[in-house]
Amino acid sequence: MKYIIGFLYAIYESLWRRWKGKSSDGKWYNHKLVKMFLNLFITFGLLLYLKNAWIISLIATIVYQFLYWTRNHGAFFDYGHGSPDDKRYDEWVWVKWIKKIVPKEEWCGFWFDYMCMCLRYGIPSILLAIILGSPILCFMGFIHATIYAFCWKLKDWKVIGKPIAISEYIVGFTCGLFMGFC
Numbered sequence: 021m022k023y024i025i026g027f028l029y030a031i032y033e034s035l036w037r038r039w040k041g042k043s044s045d046g047k048w049y050n051h052k053l054v055k056m057f058l059n060l061f062i063t064f065g066l067l068l069y070l071k072n073a074w075i076i077s078l079i080a081t082i083v084y085q086f087l088y089w090t091r092n093h094g095a096f097f098d099y100g101h102g103s104p105d106d107k108r109y110d111e112w113v114w115v116k117w118i119k120k121i122v123p124k125e126e127w128c129g130f131w132f133d134y135m136c137m138c139l140r141y142g143i144p145s146i147l148l149a150i151i152l153g154s155p156i157l158c159f160m161g162f163i164h165a166t167i168y169a170f171c172w173k174l175k176d177w178k179v180i181g182k183p184i185a186i187s188e189y190i191v192g193f194t195c196g197l198f199m200g201f202c
């Protein structure tokens with residue numbers, strides 16, 4: 021039964037991630053708060069079922085929703101397709117350290133943005149791994165950064181036209197698998 025629930029959660033998370041990624045059209049059910057509370061409720065229920073521990077499930081759900089999903093991914097989400105002058109890069113504390121190891125001419129390029137995305141999703145996934153006692157979750161954020169990067173490369177190679185939509189479905193599904201089987 022646990023595996024069926026984990027798989028169903030992965031399907032839900034895939035659909036939810038894409039729905040979350042779409043902009044609000046003014047309808048109440050497309051409001052960001054509605055999307056956030058739905059995911060809080062369902063994720064908490066899943067973790068409570070899997071871990072049978074209220075406080076751990078609650079803390080993990082809060083970290084998952086507010087550090088993993090709700091925080092934006094800034095200018096580096098475009099994997100080198102944006103402007104190096106984008107001031108949103110400086111909003112992230114770790115960018116200054118990445119700038120120390122990456123040559124200036126490569127700032128805001130593909131690999132620079134990839135490193136930023138790895139940290140953006142990797143740090144919360146490591147925190148989730150610690151809270152839930154599931155080391156496999158450490159890899160969740162790095163895999164997601166790689167999925168986003170791969171989809172952008174497929175767009176560059178003219179294989180796909182909408183890298184964001186496709187990557188959101190894949191990332192949601194893989195994230196659901198990680199969380200559903202943690």
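Residue numbers (this note's numbering): 21 to 202.
Note that the Cβ used here is the ideal one computed from N, Cα and C, for glycine as well.
Pairing Y168 with Y99 gives a Cβ-Cβ distance under 8 Å. If one requires a minimum length of 3 residues, no beta strand (DSSP E) run lies completely within the region 119–175. With a contact defined as Cβ atoms closer than 8 Å, Y141 and G161 qualify at about 3 Å. The region 144–164 makes contact with the region 67–76: 3 or more CB pairs, one atom from each, lie closer than 8 Å. Inter-segment contact for the region 25–33 and the region 189–199 is present: three or more beta-carbon pairs are separated by less than 8 Å.
When secondary structure is reduced to three states using DSSP, I190 falls in the helix class.
Distances from the alpha-carbon of E111 to those of I121, P104 and G94 put G94 closest. The DSSP-derived three-state label of A73 is coil.
A165 is classed as buried because its beta carbon has at least 16 other beta carbons within 10 Å across all chains shown. Within 10 angstroms of the beta-carbon of N92 lie fewer than 16 other beta-carbons, which makes it exposed. In the three-state reduction of the DSSP assignment, D106 falls in the coil class, being assigned neither a helical nor a strand state. Taken atom to atom, the span from the alpha-carbon of D45 to that of I79 is near 31 Å.
Closest in C-alpha terms to W172, from the list K55, S187 and I163, comes S187.
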